[in-house]
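In this note's numbering, the protein residues as written are 542 to 1045. Yeah, the Cβ is synthetic: ideal placement off N, Cα and C, and Gly gets one too. Structure record follows, encoded as C-alpha coordinates.
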(Lines of atoms letter the chains of each structure in order from A and count residues from 1; the text may use other names and numbers.)
(Lines give C-alpha, C1' and ligand atoms only; values in the text may rest on other atoms or scores of the structure.)
Protein backbone atom coordinates (compact mmCIF):
# COMPACT_ATOMS: atom_id res chain seq x y z
CA UNK A 1 0.00 0.00 0.00
CA UNK A 2 2.84 2.40 0.97
CA UNK A 3 4.62 1.49 -2.28
CA UNK A 4 1.51 2.27 -4.33
CA UNK A 5 1.09 5.60 -2.53
CA UNK A 6 4.74 6.45 -3.21
CA UNK A 7 4.33 5.56 -6.88
CA UNK A 8 1.24 7.80 -7.15
CA UNK A 9 3.03 10.75 -5.55
CA UNK A 10 6.02 10.27 -7.86
CA UNK A 11 3.73 10.08 -10.90
CA UNK A 12 1.95 13.25 -9.78
CA UNK A 13 5.22 15.13 -9.39
CA UNK A 14 6.40 13.80 -12.78
CA UNK A 15 3.18 14.95 -14.47
CA UNK A 16 3.53 18.38 -12.85
CA UNK A 17 7.12 18.59 -14.13
CA UNK A 18 6.02 17.64 -17.65
CA UNK A 19 3.15 20.16 -17.50
CA UNK A 20 5.49 22.87 -16.28
CA UNK A 21 7.94 22.04 -19.07
CA UNK A 22 5.19 22.18 -21.68
CA UNK A 23 3.89 25.47 -20.27
CA UNK A 24 7.41 26.92 -20.21
CA UNK A 25 8.00 25.77 -23.82
CA UNK A 26 4.71 27.31 -24.95
CA UNK A 27 5.47 30.62 -23.21
CA UNK A 28 8.98 30.58 -24.66
CA UNK A 29 7.68 30.00 -28.21
CA UNK A 30 5.09 32.77 -27.84
CA UNK A 31 7.69 35.22 -26.52
CA UNK A 32 10.13 34.22 -29.28
CA UNK A 33 7.42 34.68 -31.92
CA UNK A 34 6.55 38.10 -30.49
CA UNK A 35 10.20 39.13 -30.46
CA UNK A 36 10.53 38.13 -34.10
CA UNK A 37 7.67 40.47 -34.96
CA UNK A 38 9.63 43.46 -33.63
CA UNK A 39 11.31 45.52 -36.31
CA UNK A 40 15.10 45.78 -35.95
CA UNK A 41 16.56 49.07 -34.79
CA UNK A 42 16.63 51.62 -37.63
CA UNK A 43 14.41 49.42 -39.83
CA UNK A 44 11.65 51.02 -41.95
CA UNK A 45 8.20 51.30 -40.31
CA UNK A 46 5.16 49.40 -41.52
CA UNK A 47 1.83 47.85 -40.55
CA UNK A 48 1.37 45.72 -37.45
CA UNK A 49 3.08 42.32 -37.60
CA UNK A 50 1.37 39.23 -36.17
CA UNK A 51 3.29 36.21 -34.80
CA UNK A 52 4.11 33.52 -37.37
CA UNK A 53 2.09 34.97 -40.30
CA UNK A 54 3.47 38.53 -40.18
CA UNK A 55 1.40 40.88 -42.34
CA UNK A 56 0.41 38.21 -44.87
CA UNK A 57 -3.27 37.97 -43.95
CA UNK A 58 -3.74 41.72 -43.64
CA UNK A 59 -3.12 42.17 -47.39
CA UNK A 60 -5.66 41.73 -50.17
CA UNK A 61 -3.90 39.63 -52.82
CA UNK A 62 -6.68 40.35 -55.30
CA UNK A 63 -5.64 44.00 -55.30
CA UNK A 64 -2.12 43.77 -53.92
CA UNK A 65 -0.41 46.42 -56.07
CA UNK A 66 -2.93 49.12 -55.14
CA UNK A 67 -2.94 48.16 -51.47
CA UNK A 68 0.85 48.23 -51.25
CA UNK A 69 0.87 51.63 -52.97
CA UNK A 70 -1.74 52.95 -50.53
CA UNK A 71 0.33 51.84 -47.52
CA UNK A 72 3.04 54.29 -48.60
CA UNK A 73 0.65 57.17 -47.80
CA UNK A 74 0.72 56.09 -44.15
CA UNK A 75 4.22 54.70 -43.67
CA UNK A 76 6.29 56.60 -46.24
CA UNK A 77 7.98 55.67 -49.50
CA UNK A 78 10.24 53.12 -47.79
CA UNK A 79 8.37 50.79 -45.46
CA UNK A 80 8.44 47.15 -44.38
CA UNK A 81 6.20 44.10 -44.37
CA UNK A 82 6.71 40.60 -43.02
CA UNK A 83 5.62 37.60 -45.05
CA UNK A 84 5.80 34.58 -42.76
CA UNK A 85 9.29 34.70 -41.29
CA UNK A 86 10.82 36.97 -43.96
CA UNK A 87 11.14 40.74 -43.79
CA UNK A 88 10.39 42.66 -46.99
CA UNK A 89 11.11 46.33 -47.70
CA UNK A 90 8.90 48.07 -50.28
CA UNK A 91 10.21 51.01 -52.32
CA UNK A 92 7.64 53.53 -53.55
CA UNK A 93 8.02 56.55 -55.83
CA UNK A 94 10.71 57.38 -58.37
CA UNK A 95 13.23 58.79 -55.88
CA UNK A 96 13.16 55.71 -53.64
CA UNK A 97 13.41 53.32 -56.60
CA UNK A 98 16.34 55.22 -58.08
CA UNK A 99 18.13 55.20 -54.74
CA UNK A 100 17.56 51.46 -54.42
CA UNK A 101 18.07 50.20 -57.97
CA UNK A 102 20.59 52.75 -59.28
CA UNK A 103 22.54 54.27 -56.35
CA UNK A 104 22.63 50.92 -54.50
CA UNK A 105 22.40 48.83 -57.66
CA UNK A 106 25.38 46.60 -56.82
CA UNK A 107 24.01 45.76 -53.38
CA UNK A 108 20.51 45.01 -54.67
CA UNK A 109 21.56 43.17 -57.84
CA UNK A 110 20.68 39.73 -56.44
CA UNK A 111 17.42 37.80 -56.30
CA UNK A 112 16.11 36.04 -53.16
CA UNK A 113 15.57 32.30 -53.12
CA UNK A 114 11.92 31.50 -53.85
CA UNK A 115 10.97 28.06 -52.43
CA UNK A 116 8.09 27.60 -54.89
CA UNK A 117 10.67 27.78 -57.71
CA UNK A 118 13.68 26.11 -56.11
CA UNK A 119 11.67 23.07 -55.00
CA UNK A 120 11.00 22.08 -58.61
CA UNK A 121 13.47 24.06 -60.75
CA UNK A 122 17.27 24.01 -60.53
CA UNK A 123 18.97 27.21 -59.37
CA UNK A 124 19.94 28.07 -62.93
CA UNK A 125 18.91 30.32 -65.80
CA UNK A 126 18.90 34.11 -66.12
CA UNK A 127 16.04 35.57 -64.10
CA UNK A 128 16.61 34.18 -60.59
CA UNK A 129 20.33 33.39 -60.48
CA UNK A 130 22.96 35.60 -58.84
CA UNK A 131 26.62 36.56 -58.89
CA UNK A 132 29.10 35.41 -61.50
CA UNK A 133 26.74 32.78 -62.91
CA UNK A 134 23.99 35.34 -63.51
CA UNK A 135 26.37 37.88 -65.07
CA UNK A 136 27.76 35.32 -67.52
CA UNK A 137 24.34 34.00 -68.53
CA UNK A 138 22.78 37.45 -68.92
CA UNK A 139 25.74 38.75 -70.94
CA UNK A 140 25.63 35.74 -73.24
CA UNK A 141 21.86 36.02 -73.74
CA UNK A 142 22.06 39.75 -74.56
CA UNK A 143 24.89 39.20 -77.04
CA UNK A 144 23.16 36.25 -78.73
CA UNK A 145 19.76 37.96 -79.02
CA UNK A 146 21.48 40.99 -80.54
CA UNK A 147 23.36 38.70 -82.94
CA UNK A 148 20.03 37.34 -84.18
CA UNK A 149 18.57 40.79 -84.74
CA UNK A 150 17.13 42.22 -81.50
CA UNK A 151 17.36 45.97 -81.81
CA UNK A 152 18.34 45.67 -85.47
CA UNK A 153 16.54 45.93 -88.78
CA UNK A 154 17.07 42.24 -89.52
CA UNK A 155 14.42 41.20 -86.96
CA UNK A 156 11.80 43.56 -88.38
CA UNK A 157 10.95 41.22 -91.24
CA UNK A 158 10.30 38.38 -88.77
CA UNK A 159 7.82 40.55 -86.85
CA UNK A 160 6.25 41.83 -90.07
CA UNK A 161 5.84 38.28 -91.36
CA UNK A 162 4.23 37.21 -88.10
CA UNK A 163 1.78 40.08 -88.37
CA UNK A 164 0.73 38.71 -91.76
CA UNK A 165 -0.13 35.41 -90.07
CA UNK A 166 -2.14 36.97 -87.25
CA UNK A 167 -3.91 39.43 -89.56
CA UNK A 168 -5.20 36.49 -91.61
CA UNK A 169 -6.43 34.84 -88.40
CA UNK A 170 -8.25 38.03 -87.43
CA UNK A 171 -9.68 38.67 -90.91
CA UNK A 172 -11.31 35.21 -90.89
CA UNK A 173 -13.77 36.49 -88.28
CA UNK A 174 -15.03 39.07 -90.81
CA UNK A 175 -15.83 41.73 -88.21
CA UNK A 176 -17.61 39.32 -85.87
CA UNK A 177 -16.64 39.11 -82.15
CA UNK A 178 -13.65 36.95 -81.20
CA UNK A 179 -11.35 36.55 -78.20
CA UNK A 180 -7.86 37.82 -79.14
CA UNK A 181 -6.12 36.23 -76.16
CA UNK A 182 -4.63 33.05 -77.61
CA UNK A 183 -3.83 34.30 -81.11
CA UNK A 184 -2.07 37.36 -79.64
CA UNK A 185 -0.04 35.09 -77.33
CA UNK A 186 0.79 32.87 -80.30
CA UNK A 187 1.94 35.75 -82.50
CA UNK A 188 4.17 37.34 -79.86
CA UNK A 189 5.53 34.01 -78.66
CA UNK A 190 6.52 33.09 -82.22
CA UNK A 191 9.02 35.96 -82.21
CA UNK A 192 10.92 34.67 -79.17
CA UNK A 193 10.51 31.12 -80.54
CA UNK A 194 12.23 32.15 -83.77
CA UNK A 195 15.13 33.54 -81.72
CA UNK A 196 15.44 30.67 -79.22
CA UNK A 197 14.22 27.64 -81.20
CA UNK A 198 14.91 28.87 -84.74
CA UNK A 199 11.33 28.38 -85.95
CA UNK A 200 7.77 29.52 -85.42
CA UNK A 201 4.73 27.38 -84.58
CA UNK A 202 1.45 27.19 -86.43
CA UNK A 203 -1.31 28.64 -84.24
CA UNK A 204 -3.10 25.32 -84.04
CA UNK A 205 0.02 23.31 -83.13
CA UNK A 206 -0.93 21.11 -80.16
CA UNK A 207 2.40 21.51 -78.35
CA UNK A 208 2.32 25.27 -78.88
CA UNK A 209 -1.26 25.64 -77.61
CA UNK A 210 -0.32 23.58 -74.55
CA UNK A 211 2.62 25.87 -73.78
CA UNK A 212 0.44 28.98 -74.09
CA UNK A 213 -2.16 27.59 -71.70
CA UNK A 214 0.50 26.51 -69.22
CA UNK A 215 2.03 29.99 -69.13
CA UNK A 216 -1.34 31.63 -68.57
CA UNK A 217 -2.23 29.23 -65.74
CA UNK A 218 1.18 29.62 -64.11
CA UNK A 219 1.02 33.42 -63.96
CA UNK A 220 -2.39 33.22 -62.26
CA UNK A 221 -1.15 30.90 -59.51
CA UNK A 222 2.12 32.84 -59.04
CA UNK A 223 0.16 35.93 -58.03
CA UNK A 224 -2.18 34.15 -55.62
CA UNK A 225 -2.13 33.81 -51.84
CA UNK A 226 -1.15 30.16 -52.34
CA UNK A 227 2.22 31.16 -53.76
CA UNK A 228 2.84 33.54 -50.85
CA UNK A 229 1.89 30.87 -48.32
CA UNK A 230 4.26 28.40 -49.96
CA UNK A 231 7.16 30.85 -49.94
CA UNK A 232 6.38 31.90 -46.36
CA UNK A 233 5.90 28.39 -44.96
CA UNK A 234 7.55 25.95 -47.39
CA UNK A 235 7.92 23.04 -44.93
CA UNK A 236 4.19 23.11 -44.19
CA UNK A 237 2.93 23.84 -47.71
CA UNK A 238 4.99 21.02 -49.25
CA UNK A 239 2.69 18.67 -47.35
CA UNK A 240 -0.62 20.43 -47.97
CA UNK A 241 -2.68 20.12 -51.18
CA UNK A 242 -3.44 23.19 -53.26
CA UNK A 243 -2.80 25.07 -56.52
CA UNK A 244 0.88 25.49 -55.61
CA UNK A 245 1.46 21.87 -56.54
CA UNK A 246 -0.29 22.47 -59.88
CA UNK A 247 2.19 25.28 -60.52
CA UNK A 248 5.11 22.96 -59.92
CA UNK A 249 3.64 20.43 -62.35
CA UNK A 250 3.30 23.21 -64.94
CA UNK A 251 6.95 24.13 -64.53
CA UNK A 252 7.89 20.49 -64.93
CA UNK A 253 5.88 20.22 -68.16
CA UNK A 254 7.44 23.34 -69.62
CA UNK A 255 10.93 22.09 -68.79
CA UNK A 256 10.14 18.86 -70.67
CA UNK A 257 9.11 20.90 -73.73
CA UNK A 258 12.40 22.81 -73.58
CA UNK A 259 14.33 19.53 -73.46
CA UNK A 260 12.48 18.24 -76.52
CA UNK A 261 13.55 21.31 -78.53
CA UNK A 262 17.16 21.02 -77.33
CA UNK A 263 17.36 17.31 -78.19
CA UNK A 264 16.04 18.02 -81.69
CA UNK A 265 18.70 20.70 -82.14
CA UNK A 266 21.49 18.35 -81.11
CA UNK A 267 20.64 16.01 -84.01
CA UNK A 268 21.59 18.52 -86.71
CA UNK A 269 23.53 21.21 -84.86
CA UNK A 270 26.41 22.75 -86.81
CA UNK A 271 28.68 25.05 -84.71
CA UNK A 272 29.81 26.79 -87.89
CA UNK A 273 26.26 27.84 -88.82
CA UNK A 274 24.23 28.69 -85.69
CA UNK A 275 20.51 29.08 -86.34
CA UNK A 276 19.32 30.36 -82.96
CA UNK A 277 20.02 30.77 -79.25
CA UNK A 278 20.07 27.02 -78.57
CA UNK A 279 22.68 26.40 -81.28
CA UNK A 280 24.88 29.19 -79.93
CA UNK A 281 24.54 27.87 -76.39
CA UNK A 282 25.48 24.33 -77.43
CA UNK A 283 28.62 25.79 -79.01
CA UNK A 284 29.36 27.74 -75.83
CA UNK A 285 29.04 24.54 -73.77
CA UNK A 286 31.64 22.91 -75.98
CA UNK A 287 33.92 25.95 -75.74
CA UNK A 288 33.49 26.19 -71.96
CA UNK A 289 34.60 22.58 -71.47
CA UNK A 290 37.61 23.15 -73.68
CA UNK A 291 38.64 26.33 -71.84
CA UNK A 292 37.90 24.79 -68.42
CA UNK A 293 35.42 27.56 -67.53
CA UNK A 294 32.55 25.44 -66.29
CA UNK A 295 31.97 27.78 -63.31
CA UNK A 296 30.33 30.18 -65.78
CA UNK A 297 27.46 27.70 -65.89
CA UNK A 298 27.43 26.74 -69.55
CA UNK A 299 25.96 23.26 -69.43
CA UNK A 300 22.88 21.52 -70.76
CA UNK A 301 20.85 21.94 -67.56
CA UNK A 302 21.43 25.67 -67.68
CA UNK A 303 20.51 25.74 -71.37
CA UNK A 304 17.15 24.24 -70.42
CA UNK A 305 16.53 26.93 -67.80
CA UNK A 306 17.77 29.82 -69.95
CA UNK A 307 15.44 28.70 -72.75
CA UNK A 308 12.64 28.38 -70.19
CA UNK A 309 13.27 31.93 -68.91
CA UNK A 310 13.48 33.50 -72.37
CA UNK A 311 10.39 31.72 -73.66
CA UNK A 312 8.24 32.58 -70.64
CA UNK A 313 9.38 36.19 -70.27
CA UNK A 314 9.22 36.80 -74.03
CA UNK A 315 5.64 35.62 -74.38
CA UNK A 316 3.23 36.80 -71.72
CA UNK A 317 4.11 40.43 -70.98
CA UNK A 318 4.25 41.80 -74.54
CA UNK A 319 1.14 39.94 -75.68
CA UNK A 320 -0.70 41.21 -72.60
CA UNK A 321 0.34 44.79 -73.40
CA UNK A 322 -1.01 44.43 -76.94
CA UNK A 323 -4.33 43.10 -75.61
CA UNK A 324 -4.52 46.15 -73.36
CA UNK A 325 -3.77 48.32 -76.40
CA UNK A 326 -6.69 46.94 -78.39
CA UNK A 327 -8.99 47.30 -75.39
CA UNK A 328 -7.99 50.94 -74.84
CA UNK A 329 -8.56 51.69 -78.51
CA UNK A 330 -12.15 50.45 -78.19
CA UNK A 331 -12.58 52.53 -75.04
CA UNK A 332 -11.24 55.67 -76.74
CA UNK A 333 -12.21 55.46 -80.45
CA UNK A 334 -11.20 59.10 -80.98
CA UNK A 335 -7.62 58.19 -80.00
CA UNK A 336 -7.73 55.19 -82.33
CA UNK A 337 -8.84 57.46 -85.19
CA UNK A 338 -6.05 59.92 -84.47
CA UNK A 339 -3.46 57.11 -84.50
CA UNK A 340 -4.82 55.79 -87.79
CA UNK A 341 -4.75 59.27 -89.34
CA UNK A 342 -1.09 59.70 -88.37
CA UNK A 343 -0.19 56.27 -89.78
CA UNK A 344 -2.10 56.98 -93.02
CA UNK A 345 -0.28 60.29 -93.39
CA UNK A 346 3.23 58.94 -92.72
CA UNK A 347 3.09 55.35 -94.03
CA UNK A 348 -0.12 54.95 -95.98
CA UNK A 349 -1.40 51.52 -97.00
CA UNK A 350 1.22 50.56 -99.58
CA UNK A 351 3.87 49.21 -97.20
CA UNK A 352 4.27 47.79 -93.71
CA UNK A 353 5.50 49.93 -90.81
CA UNK A 354 9.20 49.74 -89.88
CA UNK A 355 11.20 50.96 -86.88
CA UNK A 356 12.47 53.98 -88.82
CA UNK A 357 8.89 55.26 -88.87
CA UNK A 358 8.77 55.68 -85.10
CA UNK A 359 10.40 59.12 -85.13
CA UNK A 360 7.72 60.32 -87.57
CA UNK A 361 4.84 58.84 -85.54
CA UNK A 362 5.08 60.72 -82.21
CA UNK A 363 1.39 60.43 -81.34
CA UNK A 364 1.32 56.69 -82.07
CA UNK A 365 4.48 56.23 -80.00
CA UNK A 366 2.92 58.24 -77.16
CA UNK A 367 -0.20 56.02 -77.24
CA UNK A 368 1.94 52.86 -77.01
CA UNK A 369 3.79 54.29 -74.00
CA UNK A 370 0.54 55.32 -72.33
CA UNK A 371 -0.83 51.79 -72.82
CA UNK A 372 2.25 50.46 -71.05
CA UNK A 373 1.88 52.98 -68.24
CA UNK A 374 -1.82 52.41 -67.66
CA UNK A 375 -1.61 48.66 -68.31
CA UNK A 376 1.04 48.43 -65.57
CA UNK A 377 1.83 44.88 -66.62
CA UNK A 378 4.34 43.97 -63.88
CA UNK A 379 3.06 46.13 -61.01
CA UNK A 380 5.57 45.11 -58.34
CA UNK A 381 8.51 44.23 -60.55
CA UNK A 382 10.63 41.27 -59.44
CA UNK A 383 12.11 40.99 -55.92
CA UNK A 384 15.66 42.05 -55.12
CA UNK A 385 17.95 40.76 -52.36
CA UNK A 386 20.49 42.76 -50.36
CA UNK A 387 23.89 41.04 -50.59
CA UNK A 388 25.24 43.25 -47.78
CA UNK A 389 24.03 45.90 -45.29
CA UNK A 390 22.95 49.23 -46.75
CA UNK A 391 21.37 52.58 -45.97
CA UNK A 392 18.20 53.31 -47.93
CA UNK A 393 15.72 56.13 -47.44
CA UNK A 394 17.39 56.99 -44.14
CA UNK A 395 16.88 53.46 -42.76
CA UNK A 396 19.25 50.56 -42.04
CA UNK A 397 18.60 47.49 -44.16
CA UNK A 398 20.48 44.33 -43.13
CA UNK A 399 22.07 41.87 -45.50
CA UNK A 400 19.54 39.26 -46.63
CA UNK A 401 16.44 41.47 -46.68
CA UNK A 402 14.15 41.24 -49.71
CA UNK A 403 13.36 44.53 -51.48
CA UNK A 404 10.28 45.03 -53.68
CA UNK A 405 10.35 47.88 -56.24
CA UNK A 406 6.74 49.04 -56.47
CA UNK A 407 6.57 50.09 -60.13
CA UNK A 408 2.88 50.99 -59.74
CA UNK A 409 3.79 53.81 -57.38
CA UNK A 410 6.03 55.37 -60.04
CA UNK A 411 3.82 54.84 -63.09
CA UNK A 412 0.96 56.57 -61.23
CA UNK A 413 2.98 59.01 -59.12
CA UNK A 414 0.90 62.16 -58.73
CA UNK A 415 3.74 64.68 -59.04
CA UNK A 416 5.18 62.96 -62.13
CA UNK A 417 2.06 62.70 -64.32
CA UNK A 418 -0.46 65.38 -65.17
CA UNK A 419 -3.45 63.00 -65.00
CA UNK A 420 -2.04 59.80 -63.45
CA UNK A 421 -5.26 57.78 -63.47
CA UNK A 422 -6.53 58.91 -66.88
CA UNK A 423 -5.46 57.48 -70.24
CA UNK A 424 -3.67 60.47 -71.72
CA UNK A 425 -1.10 60.17 -74.56
CA UNK A 426 -0.24 63.81 -73.86
CA UNK A 427 1.92 62.57 -71.00
CA UNK A 428 4.54 61.74 -73.64
CA UNK A 429 4.15 64.77 -75.91
CA UNK A 430 5.50 68.31 -75.59
CA UNK A 431 3.68 71.49 -76.58
CA UNK A 432 4.84 70.99 -80.18
CA UNK A 433 3.45 67.47 -80.37
CA UNK A 434 6.86 65.82 -80.28
CA UNK A 435 7.50 62.66 -78.30
CA UNK A 436 9.28 63.17 -74.95
CA UNK A 437 10.79 60.58 -72.64
CA UNK A 438 9.78 60.54 -68.99
CA UNK A 439 12.06 59.44 -66.16
CA UNK A 440 9.05 57.99 -64.32
CA UNK A 441 8.27 55.66 -67.22
CA UNK A 442 9.86 52.46 -65.92
CA UNK A 443 7.63 49.50 -66.89
CA UNK A 444 10.80 47.45 -67.50
CA UNK A 445 12.17 48.35 -64.03
CA UNK A 446 15.67 49.89 -63.75
CA UNK A 447 19.27 49.23 -62.79
CA UNK A 448 21.33 46.10 -63.26
CA UNK A 449 18.26 43.85 -63.34
CA UNK A 450 16.35 45.89 -65.92
CA UNK A 451 14.29 43.63 -68.18
CA UNK A 452 16.54 41.60 -70.48
CA UNK A 453 14.00 41.75 -73.30
CA UNK A 454 13.28 45.49 -73.22
CA UNK A 455 14.63 46.17 -76.73
CA UNK A 456 12.75 43.20 -78.17
CA UNK A 457 9.52 44.24 -76.45
CA UNK A 458 9.81 47.80 -77.78
CA UNK A 459 10.22 46.51 -81.33
CA UNK A 460 7.30 44.13 -81.06
CA UNK A 461 4.96 46.67 -79.48
CA UNK A 462 5.66 49.32 -82.09
CA UNK A 463 5.52 47.08 -85.17
CA UNK A 464 2.53 45.01 -84.10
CA UNK A 465 0.49 47.97 -82.83
CA UNK A 466 1.07 50.19 -85.85
CA UNK A 467 0.30 47.26 -88.16
CA UNK A 468 -2.96 46.55 -86.31
CA UNK A 469 -3.97 50.19 -86.55
CA UNK A 470 -2.97 50.35 -90.23
CA UNK A 471 -5.13 47.38 -91.23
CA UNK A 472 -8.04 47.23 -88.77
CA UNK A 473 -10.48 49.31 -86.75
CA UNK A 474 -11.30 47.69 -83.41
CA UNK A 475 -14.57 47.98 -81.50
CA UNK A 476 -16.53 46.12 -78.83
CA UNK A 477 -19.49 43.95 -79.81
CA UNK A 478 -22.79 45.89 -79.92
CA UNK A 479 -24.04 46.77 -76.45
CA UNK A 480 -20.80 45.75 -74.70
CA UNK A 481 -18.66 48.24 -72.77
CA UNK A 482 -14.87 47.75 -72.42
CA UNK A 483 -13.93 46.33 -69.00
CA UNK A 484 -10.67 47.91 -67.83
CA UNK A 485 -10.58 46.10 -64.49
CA UNK A 486 -7.45 43.89 -64.58
CA UNK A 487 -7.22 40.17 -64.11
CA UNK A 488 -4.75 40.02 -61.23
CA UNK A 489 -1.79 37.65 -61.11
CA UNK A 490 1.97 38.19 -61.21
CA UNK A 491 1.10 40.38 -64.17
CA UNK A 492 -1.98 42.53 -64.69
CA UNK A 493 -3.84 41.39 -67.78
CA UNK A 494 -7.27 42.31 -69.16
CA UNK A 495 -10.27 40.24 -68.26
CA UNK A 496 -11.14 37.85 -71.09
CA UNK A 497 -12.99 39.86 -73.71
CA UNK A 498 -14.29 39.62 -77.25
CA UNK A 499 -13.58 42.29 -79.83
CA UNK A 500 -14.61 43.12 -83.40
CA UNK A 501 -11.98 43.91 -86.03
CA UNK A 502 -13.10 45.61 -89.25
CA UNK A 503 -10.72 45.75 -92.20
CA UNK A 504 -9.92 49.29 -93.22
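Alpha-carbon to alpha-carbon, residue j and residue i
i            : j            : result
residue 1036 : residue 757  : 12 Å
residue 1008 : residue 782  : 46 Å
residue 737  : residue 819  : 6 Å
residue 645  : residue 1030 : 29 Å
residue 750  : residue 727  : 8 Å
residue 801  : residue 768  : 28 Å
residue 712  : residue 718  : 11 Å
residue 703  : residue 731  : 8 Å
residue 696  : residue 832  : 32 Å
residue 915  : residue 809  : 45 Å
residue 917  : residue 961  : 12 Å
residue 670  : residue 733  : 21 Å
residue 744  : residue 694  : 25 Å
residue 867  : residue 775  : 40 Å
residue 814  : residue 598  : 55 Å
residue 1047 : residue 901  : This structure does not reach residue 1047, given that the chain is present from 542 up to 1045, and the question cannot be answered.
residue 964  : residue 874  : 12 Å
6 Å CB neighbourhood of residue i in its chain, flanking five on each side removed
i            : result
residue 739  : 816, 817
residue 1034 : 861, 1028
residue 674  : 838
residue 616  : 586, 587
residue 989  : 646, 650
residue 770  : 778
residue 735  : 699, 741
Contact under 8 Å by Cβ, residue i with residue j
i            : j            : result
residue 1011 : residue 894  : yes
residue 980  : residue 954  : no
residue 683  : residue 993  : yes
residue 795  : residue 755  : yes
residue 847  : residue 677  : no
residue 1042 : residue 1015 : yes
residue 976  : residue 882  : no
residue 766  : residue 787  : no
residue 876  : residue 966  : yes
residue 635  : residue 957  : yes
residue 996  : residue 690  : no
residue 672  : residue 850  : no
residue 797  : residue 823  : no
residue 668  : residue 854  : yes
8 Å CB neighbourhood of residue i in its chain, flanking five on each side removed
i           : result
residue 922 : 945, 946, 947, 948, 986
residue 942 : 628, 629, 630, 926, 927
residue 940 : 927, 928, 929, 930
residue 971 : 977
residue 608 : 600, 601
Nearest residue (CA-CA) to residue i, options the options
i            : options             : result
residue 903  : 634, 879, 809, 599  : 879
residue 856  : 725, 623, 594, 692  : 725
residue 625  : 600, 693, 609       : 600
residue 619  : 594, 584, 598, 593  : 584
residue 1021 : 862, 872, 974, 597  : 872
residue 896  : 959, 991, 1001      : 1001
residue 605  : 590, 622, 665, 777  : 622
residue 793  : 663, 1045, 899      : 663
residue 686  : 603, 852, 705, 764  : 852
residue 821  : 681, 638, 589       : 681
residue 799  : 764, 752, 775       : 752
residue 785  : 915, 900, 659, 978  : 659
residue 1019 : 716, 867, 978       : 716
residue 764  : 581, 706, 602       : 602
residue 791  : 661, 868, 744, 746  : 661
residue 638  : 1003, 969, 984      : 984
residue 1017 : 653, 870, 592, 1003 : 870
residue 863  : 748, 581, 729, 780  : 729
residue 804  : 844, 774, 611       : 844
residue 1044 : 594, 688, 714       : 714
Supposed close pair residue i, residue j - CB separation, criterion 8 Å
i            : j           : result
residue 1038 : residue 647 : Contact flag wrong, Cβ pair sits at about 43 Å.
residue 812  : residue 827 : 7 Å
residue 1005 : residue 700 : 7 Å
residue 772  : residue 657 : 6 Å
residue 865  : residue 912 : 5 Å
residue 521  : residue 633 : What is shown of the chain runs 542 to 1045, which leaves residue 521 out entirely.
residue 487  : residue 898 : Absent from the model: residue 487. The displayed extent of the chain is 542 to 1045, so no value can be given.
residue 859  : residue 884 : With 8 Å as the limit, residue 859 and residue 884 do not qualify as a contact, their Cβ atoms being about 20 Å apart.
residue 614  : residue 934 : So it is not a contact: roughly 15 Å between Cβ atoms.
Cβ neighbours of residue i in the same chain (closer than 7 Å, five flanking residues each side left out)
i           : result
residue 760 : 857, 1030, 1031, 1032
residue 708 : 1012
residue 936 : 583, 584, 585, 619
residue 612 : 588, 620
residue 570 : Confidence is the limiting factor: at residue 570 the pLDDT is only 47, short of 50, which leaves the residue's position unreliable and the question unanswerable from this model.
residue 710 : 724, 744
residue 610 : 633, 947, 949, 950
Min CB distance residue i to chain C below 8 Å
i           : result
residue 866 : This model lacks chain C altogether; it includes just one protein chain.
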